[in-house]
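What follows is a single structure, written as structure tokens, with notes after it.
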Amino acid sequence: MRIIFKILAAPFVLVLTLLVAVLSFLLSLSAGLLSILASVLGLLSVLMLFVEKDISTGIAGLLMAFAISPFGLPALAGWLLAKLDELNGSLRGFITS
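When we follow the numbering used here, the leftmost residue of the sequence shown carries the number 937, and every step to the right adds one.
Here's what the structure looks like:
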């Protein structure tokens, strides 16, 4: 019975391996692009705060810059990708046991 589950798990391991590889590549590209965009948005928001004296727009821009910075959405995506990789490792361990 256990061998049947191992045979059924093998395609999922293959799909998860390919998915993790593709998603990690896309995550590295998007994190670089988003960090550049976050820097530009942060600088423009600081200019809006101090030059234009528009506090609500400046703070909203800084919050958006933080959300797309490497500490925001890319970190969340990296965490999810790590969980997918852990699932892949667990399935590989099940197949090889």
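Glycine included, C-beta positions come from ideal geometry on N, C-alpha and C.
Would the beta-carbon of residue i fall within 8 Å of that of residue j?
| i | j | result |
| --- | --- | --- |
| L963 | A1013 | yes |
| L952 | L1020 | yes |
I need the DSSP call for residue i, collapsed to helix, strand or coil.
| i | result |
| --- | --- |
| M937 | coil |
| F1007 | coil |
| V982 | helix |
| K988 | At residue 988 the sequence reads Glu, which differs from the Lys that was named. Residue state, collapsed to three classes: coil. |
| S960 | helix |
What residue from the options has the CA that sits closest to residue i's CA?
| i | options | result |
| --- | --- | --- |
| L1016 | I940, I939, V956, A945 | V956 |
| A967 | S992, P1006, R1028 | P1006 |
Short of 7 Å in beta carbon distance, which residues of its chain neighbour residue i, apart from the five on each side in sequence? Order them along the chain.
| i | result |
| --- | --- |
| A1003 | L1009 |
| A1001 | A974, L977, G978, S981 |
| N1024 | V949, L952, T953, V956 |
| D990 | M984 |
My understanding is that residue i touches residue j, with C-beta atoms under 8 Å, so please give their C-beta distance in whole angstroms.
| i | j | result |
| --- | --- | --- |
| A974 | F1030 | 40 Å between Cβ atoms; not a contact. |
Output needed for residue i: all residues of its chain with C-beta closer than 8 Å, excluding positions within five of it in sequence on either side, in chain order.
| i | result |
| --- | --- |
| G997 | L977, G978, L980, S981, M984 |
| K942 | F1030, I1031 |
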